[in-house]
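Asks: Protein chains in written order, with the working numbering: chain G, 36 to 341; chain F, 2 to 370; chain D, 719 to 963.
Here a beta-carbon is modelled for each residue, glycine too, at the ideal position from N, C-alpha and C.
Encoded as structure tokens, here's the structure I'll be asking about.
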Amino acid sequence: MQKIIEASGISKSFGVTMALKDISFEVDESEIFGFIGPDGAGKTTLFRIISTLLLPDKGEMTVLGQDCVTGFRELRKNIGYMPGRFSLYQDLSVEENLNFYATVFGTTVAENYDLISDIYSHIEPFKKRLAGKLSGGMKQKLALSCALIHKPALLVLDEPTTGVDAVSRAEFWDMLRKLRQHNITIIVSTPYMDEAMRCDRVALIQNGKILSVNQPQKIKEGFSRKLFSAKAPEKYTLINALRKYPETLTAYPFGDSVHVTFTGDRFDNKIYEYLRAQGISNATIVESEAGIEDRFLELMEKEVKA
Amino acid sequence: MKRFLGFVKKEFLHIFRDFRTLIILFGIPAAQILLFGYVVSTDVKNAGVAFLDLSKDETTQKLSDKICSSGFFHRTDNLLNYNDIDKVLKKGKVKAVVVFEENFGSNLISKGKASMSIIADGSEPNTATLVTNYITAIVTDFNMEIAGTSAGSGSLVVPEVKMFYNPSLKGHFMFVPGVITLILILICALMTSVTITREKEFGTMEVLLVSPLKPVQIILGKVMPYFILSFINVIMILLLSWLVFGLPVKGSVILLLAESMLYILMSLSLGILISTVSSTMQQAIFISLVGMMLPTILLSGFIFPIENMPEVYGWISSVLPPRYFIVIIKNIMIKGTGFIYVWKETLILVVMTVIFIGLSIRNFKIRLQ
Amino acid sequence: MTKDIVISVENLVKKFGGFVANDNLNFEVYRGEIFGFLGANGAGKTTTIRILSGLSSPTSGKVIVAGIDASKQPEKIKNQIGYMCQKFSLYDDLTVKENIMLYGGIYGMRKSLIRERTHELLEKLHFEEYENRLISDLPLGLKQKLAFSVAVLHEPKIVFLDEPTGGVDPITRRQFWEMIYETASRGITIFVTTHYMDEAEYCDRISIMSEGKIVALNTPFELKRLYNAESVEDVFIKIARPVKN
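Rendered as structure tokens:
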């Protein structure tokens, strides 16, 4: 199987800021590959290099068999790019936007309609509406349709779910997974850790460095300790108390519980007495499966210490 | 009160931290004073005068020397017959033609008066008025000189003043062509300068770049609709000038339209060039509107004659496209000249257009950095 | 013990022309509570927040914020509240210290008090070295934490946070929420909207808006029980509908 993207040693700076530090990874054909990391991690910079919009300072990258620097003309015909802000023409209608992109890529909406029909059907009733008047979720679907309309071999989606509500996000990922049957390779960037589980493989990225590349399940399994989940009605007191407990290694709030690790990967009932002394009487602590975010936090801590 | 002062302090900080605003605050008034001081001059300096001397005697010699040594005028041509007057005025280098009648000197002695004509280029009414007044004043002075000589008192040279092209010296013959020139370049450059920067600001340029579109397609594609629409604009402007101000088109309308379309194409290309160097619409608007308005008004010869300016400004003026179009439009509309008289200016505009488009294509960033 | 009510909304309706953005809302928020205000885009959340912060008036209904009637004296509300929105809170071309002093002045605080609080703030955030840095030079996480601190500088009764943790890294997000916890424990009510469903779990109570109406209002625990869901996200997906246009 051909590698769709092969990158090695990619570095990029803007002035004194190093946006990307020695990035290396590979993307296989037809996979959904996610780059998971917060703002400032370097995701957009990396995606712009892949889309030939920026030149790396160091390193090499081959995309669809072409060098990302010299092969840009060829690549720009075969990539479907969806940048962070959905970048549609606000004063053109849904229909007009789609037709424009189809024409620019030398095709028609009819020719590849089957590719986008699942997605476009949601907004087709509004095809005469101006893109500026669409809701966030609808803009997202239109932008995706426009990126797909020329049947690109590689789809590059930069934070397509940012700022969109949870329902639309879930729908979006359903649409992406359906695209795999068309043999399109998809790379996605997102700050939402839970979306990592919907990718075939992910790269965790923070501060311009890749912390880990693997299937999401394997990344979770890479968590080096035993994870425990502590719950109590007094959330704030619980966190502070656990942090001060001598056997605690890490304690992070996670929604309605606190994810804790202990020295020796175990705790004994002494802890309940300790918590009661702090005013927490109904605490429960159980062993729990580590998620992607737990692993991300662990890797971030290692980076900070290094 | 405290809130108010705190807010004022913040505003000061914003201003001082923004280099560009500082330049506007202090640089532009200074530049304006300099420009206005030197450029705004209604004096006549070194205007060209041609002579049609039908007498060629001592008196005409004395009088024309007096005119030419006044410091306001210099002799350009010695014409041979009346037909030459129109030709030389159309060329534009001469502001007035002085005609001495036959037997000027002897008429002065025998009849006690001699006639001369001062024929001025009325397409620049202000200059024409000044020039004729100056020359008339010199003649009056001459009259006083000869009053005390052998010609005897009571001898007078009587100048007759004629304005070619604009007999009633309508002011809008000067202003309207200039305003047309100004408006066309500002609007056209503004429109195209904004259109590319808008794509950059809204992020749609990113997506356009990752596509098979070539820069030249994008650039020409953006110029085309404005070009076609500006054609309608030109016709409307010319109609309005004619209907409202009575401005004629003495020359060929087709030539005027063709030259106007060339000028528009040049302006649109200039706008595209501005957009390739601006990263925000605010910058683009600033450069194309504010940056160009003042030099165009002051230095293009629209109001203030270029000959009156210090040499440096003259050079600056020579790279300003409006300067050339004003000559073209005035010549065709008011003087009724044909292509032969404006081919040089036309060629310059063509060259400028090609340069602007070429530079735009070269400057066009095919990447985001 | 009856809890202090700091926000009281009764039959709130807000119309824009024919469009009903808020359709008969009823809820209360208590002192020191962390109240999560969730909903899909276009559900009407921003409209409600604008009314509560005195930026817009209700079409009908009774809205009392920090004891002030929002339809009668909206300008007075501003003195009692703090506000932090995602896109902008601090001036990029001013330094950390200048921003704090500016907002302190705008809130009408005494100079000595501003200075005192500035010191406290910088110490708490370990920001002392950043005192004279321009905001534009700070990483996003620090900006957010600072923006929040500035929003509560004058110890308002309520602080409104509009998607305060967008895009920030997981560690900073948690530190931010610990700041929120700490602030709430001082008696300041937190009214927060967010797209991160796990953050909804940090709240004492949450409300979910859909198409202009409140379709759920309870503690996260109760909501999960009622809707037989494992997480707030599941509850959300079950009951919140994105506006279909």
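Output the boundary residues of the beta strand (DSSP E) element that contains F/K366.
Replies: Careful: F/K366 lies outside any beta strand (DSSP E) and carries neither H nor E.
Asks: Closer than 7 Å, CB to CB, is G/K186 near chain F or not?
Replies: no
Asks: Using 8 Å as the threshold, is the stretch 832 to 845 of chain D in touch with the stretch 17 to 27 of chain F, meaning 3 or more CB pairs across them?
Replies: no
Asks: Leaving out five residues on either side along the sequence, give the residues of the same chain with a beta carbon under 6 Å from the beta carbon of F/P297.
Replies: Strictly speaking, residue 297 of chain F in this sequence is Thr, with Pro absent from that position. Excluding positions up to five away in sequence, the list reads L183 and P323.
Asks: Is the beta carbon of F/L90 sitting closer than 7 Å to the one on F/L53?
Replies: No, Cβ-Cβ distance for F/L90 and F/L53 is not below 7 Å.
Asks: For F/V351, which of helix, strand or coil comes out of DSSP?
Replies: helix
Asks: Could you tell me the distance, in whole angstroms, from the CA atom of F/T354 to the CA atom of G/R120?
Replies: 36 Å
Asks: Ignoring anything shorter than 3 residues or poking outside the stretch 201 to 260 of chain G, list the beta strand (DSSP E) runs there in chain order.
Replies: Listed in chain order, they are 220 to 225, 236 to 241 and 244 to 249.
Asks: With DSSP as the reference, identify every bridge partner of G/S264, one or two as the case may be.
Replies: DSSP lists G/H294 and G/V321 as partners of G/S264.
Asks: For the ligand NAP, I want to know if D/V731 counts as a neighbour, meaning its beta carbon is within less than 6 Å of at least one of the ligand's heavy atoms.
Replies: The ligand NAP is absent from the structure shown, which contains no ligand whatsoever.
Asks: Against chain F, with Cβ distances strictly below 7 Å, would D/A958 count as a contact?
Replies: no
Asks: Do you know offhand how far F/M310's Cα is from F/E161's?
Replies: 29 Å
Asks: Which partner residues of G/M53 appear in the DSSP bridge assignment?
Replies: G/S48
Asks: Grouping DSSP H, G and I as helix and E and B as strand, with all else coil, what is F/P160?
Replies: strand
Asks: The stretch 279 to 309 of chain G: which residues have C-beta closer than 9 Å to a C-beta of chain D, in chain order?
Replies: Answer set for the stretch 279 to 309 of chain G: Y287, P288, F289, G290, D291 and S292.
Asks: Sort G/L123, G/E206, G/A137 and G/K305 by Cα distance to G/H157 and report the nearest one.
Replies: Of the candidates G/L123, G/E206, G/A137 and G/K305, the residue whose Cα lies closest to the Cα of G/H157 is G/E206.
Asks: F/C189 by DSSP, collapsed to three states: which one?
Replies: helix
Asks: Relative to the alpha-carbon of F/F303, which residue among F/R363, F/V177 and F/S268 has its alpha-carbon at the smallest distance?
Replies: F/V177
Asks: Quick one: which chain D residues come within Cβ less than 9 Å of F/H15?
Replies: In chain order: Y809, D811 and L812.
Asks: When the Cα atoms are used, what is the spatial distance from F/R363 to F/Q218?
Replies: 13 Å
Asks: Out of F/V158, F/L274 and F/E207, point me to the one whose CA is closest to F/T119's CA.
Replies: Position check: residue 119 of chain F holds Ile in this sequence, whereas Thr was assumed. Nearest of F/V158, F/L274 and F/E207 to F/I119, Cα basis: F/V158.
Asks: Taking Cβ-Cβ distances below 8 Å as the criterion, which residues of the stretch 926 to 952 of chain D are in contact with chain G?
Replies: P938, F939, S949, V950 and E951
Asks: Tell me which same chain residues have a C-beta within less than 6 Å of the C-beta of D/N963, skipping the five on either side of it?
Replies: Residue confidence for D/N963 is low, a pLDDT of 46 falling below 50, so the modelled location carries little weight; the figure read from the coordinates is stated next. Closer than 6 Å at the Cβ level, and outside the excluded window around D/N963, lies no residue.
Asks: Do we get a CB-CB distance below 7 Å when we pair G/R164 with the residues of chain F?
Replies: no
Asks: Could you name the residues that DSSP lists as bridge partners for G/T283?
Replies: G/F297
Asks: Give the residues of chain D in contact with G/A54, contact being defined as C-beta atoms less than 7 Å apart.
Replies: Result: empty, since nearest Cβ-Cβ is about 12 Å, beyond 7 Å.
Asks: Is it the case that the stretch 852 to 869 of chain D contacts the stretch 886 to 901 of chain D, given that we only count it when at least three CB pairs across the two stretches are under 8 Å?
Replies: Counting Cβ pairs under 8 Å, three or more are found: they touch.
Asks: Thinking C-beta only, is D/L944 closer than 7 Å to D/F745?
Replies: no
Asks: Hey, does D/G762 have any beta-carbon neighbour from chain F nearer than 7 Å?
Replies: no
Asks: Thinking F/L274 and F/L360 are a contact (beta carbons under 8 Å), I'd like their distance in whole angstroms, please.
Replies: That pair is a contact at about 6 Å.
Asks: So, D/E751 versus D/D922, is the Cβ gap smaller than 7 Å?
Replies: It is a contact, given that the beta carbons lie within the stated cut-off.
Asks: Are the C-beta of F/R368 and some C-beta of chain G separated by less than 7 Å?
Replies: yes
Asks: For D/I786, tell me which candidate among D/I832, D/H872, D/E919 and D/I876 has the shortest Cα-Cα distance.
Replies: From the listed residues D/I832, D/H872, D/E919 and D/I876, the smallest Cα separation to D/I786 is found for D/I876.
Asks: D/M719 to D/R749, Cα distance in whole Å?
Replies: Below a pLDDT of 50, predicted positions are generally treated as unreliable, and D/M719, at 43, falls in that range; the measurement from the model is reported next regardless. Their Cα atoms are separated by approximately 13 Å.
Asks: Using the C-alpha atoms, what's the distance from D/M819 back to G/L284?
Replies: 39 Å
Asks: Are the Cβ atoms of D/G772 and D/N729 separated by less than 7 Å?
Replies: no
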